[in-house]
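Okay, structure coming up:
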(Lines of atoms letter the chains of each structure in order from A and count residues from 1; the text may use other names and numbers.)
(Lines give C-alpha, C1' and ligand atoms only; values in the text may rest on other atoms or scores of the structure.)
Protein backbone atom coordinates (compact mmCIF):
# COMPACT_ATOMS: atom_id res chain seq x y z
CA UNK A 1 0.00 0.00 0.00
CA UNK A 2 1.68 3.24 -1.08
CA UNK A 3 1.87 6.08 1.40
CA UNK A 4 -0.14 9.20 0.57
CA UNK A 5 -0.15 12.76 1.88
CA UNK A 6 -3.01 14.42 3.74
CA UNK A 7 -3.16 17.57 5.84
CA UNK A 8 0.06 19.53 6.23
CA UNK A 9 0.39 22.27 8.81
CA UNK A 10 2.65 25.25 8.10
CA UNK A 11 3.59 28.02 10.49
CA UNK A 12 4.81 31.40 9.29
CA UNK A 13 8.43 32.25 10.05
CA UNK A 14 8.75 35.25 12.35
CA UNK A 15 10.59 36.52 15.40
CA UNK A 16 8.38 35.06 18.10
CA UNK A 17 8.59 34.71 21.88
CA UNK A 18 6.54 32.88 24.49
CA UNK A 19 6.77 32.02 28.17
CA UNK A 20 4.69 29.65 30.28
CA UNK A 21 3.34 26.12 30.25
CA UNK A 22 3.97 24.03 27.12
CA UNK A 23 1.15 24.15 24.58
CA UNK A 24 -0.79 21.04 23.70
CA UNK A 25 0.35 19.70 20.29
CA UNK A 26 -2.16 17.39 18.67
CA UNK A 27 -0.10 17.27 15.47
CA UNK A 28 3.57 17.49 14.53
CA UNK A 29 4.36 20.91 13.17
CA UNK A 30 7.18 22.57 11.28
CA UNK A 31 8.34 26.13 10.73
CA UNK A 32 11.26 27.85 9.02
CA UNK A 33 12.68 29.18 12.27
CA UNK A 34 15.52 28.41 14.61
CA UNK A 35 13.75 27.44 17.84
CA UNK A 36 15.27 27.98 21.28
CA UNK A 37 13.68 26.39 24.36
CA UNK A 38 14.73 27.15 27.93
CA UNK A 39 13.11 24.79 30.44
CA UNK A 40 12.81 26.68 33.70
CA UNK A 41 10.94 24.01 35.67
CA UNK A 42 9.67 20.54 34.84
CA UNK A 43 10.68 18.86 31.59
CA UNK A 44 9.74 18.60 27.91
CA UNK A 45 9.37 15.47 25.83
CA UNK A 46 9.41 15.85 22.04
CA UNK A 47 8.93 13.45 19.19
CA UNK A 48 11.59 14.96 16.97
CA UNK A 49 12.55 13.65 13.54
CA UNK A 50 11.92 10.07 14.54
CA UNK A 51 13.52 10.16 17.98
CA UNK A 52 12.43 11.08 21.48
CA UNK A 53 14.01 14.29 22.79
CA UNK A 54 13.89 15.09 26.50
CA UNK A 55 14.82 18.52 27.82
CA UNK A 56 15.08 18.87 31.59
CA UNK A 57 14.88 21.89 33.87
CA UNK A 58 17.98 24.02 33.53
CA UNK A 59 18.64 22.96 29.94
CA UNK A 60 18.46 24.89 26.66
CA UNK A 61 17.50 23.18 23.40
CA UNK A 62 17.93 24.72 19.97
CA UNK A 63 17.00 23.26 16.62
CA UNK A 64 15.71 24.10 13.16
CA UNK A 65 11.94 23.81 13.14
CA UNK A 66 11.86 22.43 9.58
CA UNK A 67 12.20 18.93 11.03
CA UNK A 68 8.73 17.69 12.10
CA UNK A 69 8.43 17.89 15.88
CA UNK A 70 5.72 17.53 18.47
CA UNK A 71 5.41 17.75 22.24
CA UNK A 72 4.15 14.35 23.40
CA UNK A 73 3.03 12.77 26.67
CA UNK A 74 2.86 15.98 28.75
CA UNK A 75 4.32 15.52 32.21
CA UNK A 76 2.26 15.86 35.34
CA UNK A 77 5.15 17.92 36.71
CA UNK A 78 4.38 21.69 36.34
CA UNK A 79 6.55 22.89 33.47
CA UNK A 80 7.56 26.46 32.69
CA UNK A 81 9.36 27.15 29.41
CA UNK A 82 10.65 30.13 27.47
CA UNK A 83 10.58 29.93 23.66
CA UNK A 84 12.26 32.10 21.06
CA UNK A 85 11.85 31.56 17.30
CA UNK A 86 14.25 33.29 14.89
CA UNK A 87 13.48 33.23 11.14
CA UNK A 88 15.84 31.00 9.16
CA UNK A 89 16.57 33.83 6.73
CA UNK A 90 17.89 35.85 9.68
CA UNK A 91 20.03 32.93 10.88
CA UNK A 92 21.51 32.44 7.42
CA UNK A 93 22.50 36.11 7.45
CA UNK A 94 24.71 35.46 10.48
CA UNK A 95 27.33 33.83 8.21
CA UNK A 96 27.88 30.99 10.62
CA UNK A 97 30.78 28.64 9.80
CA UNK A 98 29.54 25.79 7.60
CA UNK A 99 30.12 23.21 10.33
CA UNK A 100 27.92 25.14 12.78
CA UNK A 101 25.19 25.68 10.19
CA UNK A 102 25.25 21.95 9.47
CA UNK A 103 24.65 21.26 13.17
CA UNK A 104 21.66 23.63 13.23
CA UNK A 105 20.10 22.12 10.10
CA UNK A 106 20.59 18.52 11.18
CA UNK A 107 17.90 16.35 12.74
CA UNK A 108 19.81 16.26 16.04
CA UNK A 109 18.82 19.10 18.37
CA UNK A 110 21.50 20.83 20.43
CA UNK A 111 20.83 20.52 24.17
CA UNK A 112 23.19 22.23 26.62
CA UNK A 113 23.03 23.17 30.32
CA UNK A 114 21.96 26.78 30.77
CA UNK A 115 24.72 27.13 33.38
CA UNK A 116 27.32 26.65 30.62
CA UNK A 117 26.05 29.71 28.73
CA UNK A 118 25.51 32.55 31.20
CA UNK A 119 25.02 33.17 34.93
CA UNK A 120 21.28 33.85 34.53
CA UNK A 121 19.93 32.61 31.21
CA UNK A 122 16.36 32.94 32.48
CA UNK A 123 16.75 36.70 32.87
CA UNK A 124 18.12 36.94 29.35
CA UNK A 125 15.13 35.12 27.86
CA UNK A 126 12.78 37.27 29.96
CA UNK A 127 14.42 40.42 28.58
CA UNK A 128 13.98 39.24 25.00
CA UNK A 129 10.36 38.37 25.76
CA UNK A 130 9.73 41.83 27.20
CA UNK A 131 11.54 43.67 24.39
CA UNK A 132 9.68 41.87 21.60
CA UNK A 133 6.25 42.24 23.20
CA UNK A 134 6.92 45.88 24.09
CA UNK A 135 7.78 46.67 20.48
CA UNK A 136 11.45 47.37 21.14
CA UNK A 137 14.21 47.37 18.56
CA UNK A 138 14.36 43.79 17.17
CA UNK A 139 17.91 44.39 15.96
CA UNK A 140 19.20 44.38 19.53
CA UNK A 141 17.35 41.15 20.32
CA UNK A 142 18.69 39.53 17.14
CA UNK A 143 22.27 40.47 17.97
CA UNK A 144 21.95 39.10 21.48
CA UNK A 145 20.27 35.90 20.27
CA UNK A 146 22.98 35.41 17.66
CA UNK A 147 25.71 35.67 20.31
CA UNK A 148 23.76 33.29 22.54
CA UNK A 149 23.36 30.73 19.73
CA UNK A 150 27.06 30.89 18.87
CA UNK A 151 27.91 30.35 22.55
CA UNK A 152 25.49 27.40 22.76
CA UNK A 153 26.97 25.79 19.65
CA UNK A 154 30.46 26.27 21.07
CA UNK A 155 29.47 24.64 24.37
CA UNK A 156 27.81 21.80 22.49
CA UNK A 157 30.93 21.19 20.38
CA UNK A 158 33.12 21.01 23.48
CA UNK A 159 30.79 18.55 25.21
CA UNK A 160 29.81 16.47 22.17
CA UNK A 161 31.05 12.87 22.45
CA UNK A 162 31.92 10.68 19.49
CA UNK A 163 28.98 10.11 17.14
CA UNK A 164 26.88 7.35 18.73
CA UNK A 165 25.60 4.43 16.73
CA UNK A 166 21.99 4.99 15.62
CA UNK A 167 19.41 3.06 17.63
CA UNK A 168 18.49 -0.25 16.07
CA UNK A 169 15.10 -0.21 14.38
CA UNK A 170 14.64 -3.92 15.03
CA UNK A 171 14.20 -3.46 18.79
CA UNK A 172 10.71 -4.55 19.80
CA UNK A 173 8.82 -1.47 21.10
CA UNK A 174 6.52 -3.50 23.33
CA UNK A 175 2.87 -2.54 23.65
CA UNK A 176 3.21 1.16 24.54
CA UNK A 177 1.53 3.16 21.73
CA UNK A 178 4.00 6.06 22.09
CA UNK A 179 6.95 3.66 21.83
CA UNK A 180 5.40 2.02 18.77
CA UNK A 181 4.72 5.36 17.08
CA UNK A 182 8.26 6.49 17.89
CA UNK A 183 9.67 3.30 16.36
CA UNK A 184 7.74 4.01 13.17
CA UNK A 185 8.80 7.66 13.11
CA UNK A 186 12.42 6.59 13.61
CA UNK A 187 12.13 4.13 10.72
CA UNK A 188 10.76 6.90 8.51
CA UNK A 189 13.57 9.26 9.56
CA UNK A 190 16.16 6.64 8.60
CA UNK A 191 14.56 5.50 5.33
CA UNK A 192 12.56 8.40 3.84
CA UNK A 193 15.09 8.79 1.02
CA UNK A 194 13.97 5.40 -0.32
CA UNK A 195 10.53 4.27 -1.50
CA UNK A 196 8.35 3.40 1.51
CA UNK A 197 5.13 1.49 1.95
CA UNK A 198 2.81 1.25 4.92
CA UNK A 199 3.94 -2.37 5.41
CA UNK A 200 7.58 -1.25 5.65
CA UNK A 201 6.80 1.24 8.38
CA UNK A 202 4.44 -1.12 10.23
CA UNK A 203 7.16 -3.78 10.53
CA UNK A 204 9.24 -1.35 12.61
CA UNK A 205 6.50 -1.51 15.27
CA UNK A 206 5.70 -5.22 14.75
CA UNK A 207 2.14 -4.39 13.77
CA UNK A 208 -0.14 -5.03 10.83
CA UNK A 209 -0.26 -2.10 8.37
CA UNK A 210 -3.83 -1.11 9.23
CA UNK A 211 -3.23 -1.27 13.00
CA UNK A 212 0.10 0.55 12.64
CA UNK A 213 -1.44 3.43 10.72
CA UNK A 214 -4.16 3.77 13.37
CA UNK A 215 -1.63 3.80 16.22
CA UNK A 216 0.59 6.32 14.45
CA UNK A 217 -2.25 8.71 13.73
CA UNK A 218 -3.66 8.40 17.26
CA UNK A 219 -0.29 9.20 18.90
CA UNK A 220 1.25 11.61 16.39
CA UNK A 221 -1.95 13.24 15.16
CA UNK A 222 -1.26 12.83 11.46
CA UNK A 223 -0.72 10.07 8.93
CA UNK A 224 2.53 8.32 8.16
CA UNK A 225 2.27 9.69 4.63
CA UNK A 226 2.24 13.27 5.85
CA UNK A 227 5.15 12.55 8.19
CA UNK A 228 7.19 11.07 5.33
CA UNK A 229 6.43 14.11 3.18
CA UNK A 230 7.58 16.50 5.90
CA UNK A 231 10.85 14.62 6.36
CA UNK A 232 11.52 14.67 2.62
CA UNK A 233 10.71 18.36 2.31
CA UNK A 234 12.93 19.21 5.31
CA UNK A 235 15.82 17.40 3.62
CA UNK A 236 15.10 19.19 0.35
CA UNK A 237 15.13 22.54 2.17
CA UNK A 238 18.48 21.69 3.76
CA UNK A 239 19.96 20.80 0.37
CA UNK A 240 18.51 23.92 -1.28
CA UNK A 241 20.16 26.05 1.41
CA UNK A 242 23.52 24.33 1.68
CA UNK A 243 24.31 22.97 -1.80
CA UNK A 244 24.32 24.06 -5.44
CA UNK A 245 22.58 20.88 -6.63
CA UNK A 246 19.82 21.19 -9.20
CA UNK A 247 16.24 20.78 -8.10
CA UNK A 248 16.10 17.47 -10.01
CA UNK A 249 19.10 16.18 -8.05
CA UNK A 250 17.61 17.40 -4.78
CA UNK A 251 14.23 15.79 -5.50
CA UNK A 252 15.95 12.44 -6.02
CA UNK A 253 18.25 12.82 -2.99
CA UNK A 254 15.30 13.67 -0.72
CA UNK A 255 13.33 10.59 -1.77
CA UNK A 256 10.80 11.95 -4.25
CA UNK A 257 9.97 9.67 -7.15
CA UNK A 258 9.27 12.44 -9.66
CA UNK A 259 9.83 16.14 -10.23
CA UNK A 260 6.10 16.77 -10.27
CA UNK A 261 5.51 15.13 -6.87
CA UNK A 262 8.48 17.07 -5.47
CA UNK A 263 7.15 20.41 -6.69
CA UNK A 264 3.57 19.69 -5.60
CA UNK A 265 4.53 18.48 -2.11
CA UNK A 266 7.11 21.21 -1.57
CA UNK A 267 4.63 23.93 -2.52
CA UNK A 268 1.90 22.38 -0.35
CA UNK A 269 4.17 22.31 2.71
CA UNK A 270 6.28 25.45 2.18
CA UNK A 271 3.81 27.61 0.31
CA UNK A 272 6.29 28.30 -2.50
CA UNK A 273 8.30 26.52 -5.18
CA UNK A 274 11.76 25.02 -4.51
CA UNK A 275 13.41 27.64 -6.73
CA UNK A 276 11.65 30.55 -5.04
CA UNK A 277 12.52 29.11 -1.63
CA UNK A 278 16.20 28.88 -2.55
CA UNK A 279 16.22 32.47 -3.81
CA UNK A 280 14.54 33.68 -0.60
CA UNK A 281 17.24 32.26 1.68
CA UNK A 282 20.30 33.24 -0.36
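In the numbering used here, the protein residues as written are 156 to 437. Using N, Cα and C, we set each Cβ at its ideal position, and we do this for glycine too. This structure is a prediction, so every number in the text was calculated from the model and none was measured.
Same chain only: Cβ atoms within 7 Å of residue i, ignoring 5 sequence neighbours per side
{"i": "residue 414", "result": "403, 406"}
{"i": "residue 430", "result": "402"}
{"i": "residue 245", "result": "297"}
{"i": "residue 271", "result": "310"}
{"i": "residue 437", "result": "none"}
Between the CA atoms of residue j and residue i - distance to the nearest angstrom
{"i": "residue 210", "j": "residue 236", "result": "10 Å"}
{"i": "residue 278", "j": "residue 268", "result": "15 Å"}
{"i": "residue 265", "j": "residue 342", "result": "21 Å"}
{"i": "residue 186", "j": "residue 363", "result": "32 Å"}
{"i": "residue 416", "j": "residue 298", "result": "39 Å"}
{"i": "residue 335", "j": "residue 370", "result": "8 Å"}
{"i": "residue 275", "j": "residue 201", "result": "25 Å"}
{"i": "residue 254", "j": "residue 388", "result": "22 Å"}
{"i": "residue 223", "j": "residue 381", "result": "10 Å"}
{"i": "residue 392", "j": "residue 290", "result": "31 Å"}
{"i": "residue 170", "j": "residue 219", "result": "14 Å"}
{"i": "residue 323", "j": "residue 339", "result": "For residue 323, the predicted structure reports a pLDDT of 43, less than 50, and the residue's modelled location is therefore unreliable. The matter cannot be settled from this model."}
{"i": "residue 221", "j": "residue 426", "result": "13 Å"}
{"i": "residue 288", "j": "residue 356", "result": "44 Å"}
{"i": "residue 295", "j": "residue 215", "result": "21 Å"}
{"i": "residue 384", "j": "residue 372", "result": "15 Å"}
{"i": "residue 434", "j": "residue 304", "result": "25 Å"}
Rounded distance between the beta-carbons of residue j and residue i, thought under 8 Å
{"i": "residue 172", "j": "residue 249", "result": "Not quite, the Cβ-Cβ distance comes to about 19 Å (not below 8 Å), so this is no contact."}
{"i": "residue 395", "j": "residue 432", "result": "6 Å"}
{"i": "residue 176", "j": "residue 234", "result": "6 Å"}
Chain-order list of residues whose beta-carbon lies under 8 Å from that of residue i (same chain, five-residue window excluded)
{"i": "residue 376", "result": "180, 181, 182, 183, 225"}
{"i": "residue 412", "result": "350"}
{"i": "residue 300", "result": "191, 239, 241, 283"}
{"i": "residue 198", "result": "209, 210, 211, 212, 230, 232, 234"}
Run of the beta strand (DSSP E) containing residue i, from where it starts to where it stops
{"i": "residue 193", "result": "188 to 196"}
{"i": "residue 211", "result": "206 to 211"}
{"i": "residue 172", "result": "171 to 175"}
{"i": "residue 214", "result": "214 to 219"}
{"i": "residue 235", "result": "235 to 242"}
{"i": "residue 226", "result": "224 to 226"}
Host alpha helix (DSSP H) of residue i (start-end)
{"i": "residue 250", "result": "Counting along the chain, residue 250 falls outside any alpha helix (DSSP H), and DSSP gives it neither H nor E."}
{"i": "residue 413", "result": "Premise fails: residue 413 is in no alpha helix (DSSP H) and is neither H nor E."}
{"i": "residue 178", "result": "That residue, residue 178, is in no alpha helix (DSSP H); it is neither H nor E in DSSP."}
{"i": "residue 429", "result": "429 to 435"}
Sequence-distant residues of the same chain with beta carbon closer than 6 Å to residue i, five excluded per side
{"i": "residue 418", "result": "none"}
{"i": "residue 286", "result": "296"}
{"i": "residue 354", "result": "364"}
ask   = Hey, which unbroken runs of the beta strand (DSSP E) at 3 residues or more fall wholly within the region 254 to 329?
value = Whole beta strand (DSSP E) segments, 3+ residues: 265 to 268.
request  = Quick one: which unbroken alpha helix (DSSP H) runs of 4-plus residues sit fully inside the region 321 to 384? Chain order, please.
outcome  = The region 321 to 384 contains these whole alpha helix (DSSP H) runs: 332 to 346, 353 to 358, 364 to 375.
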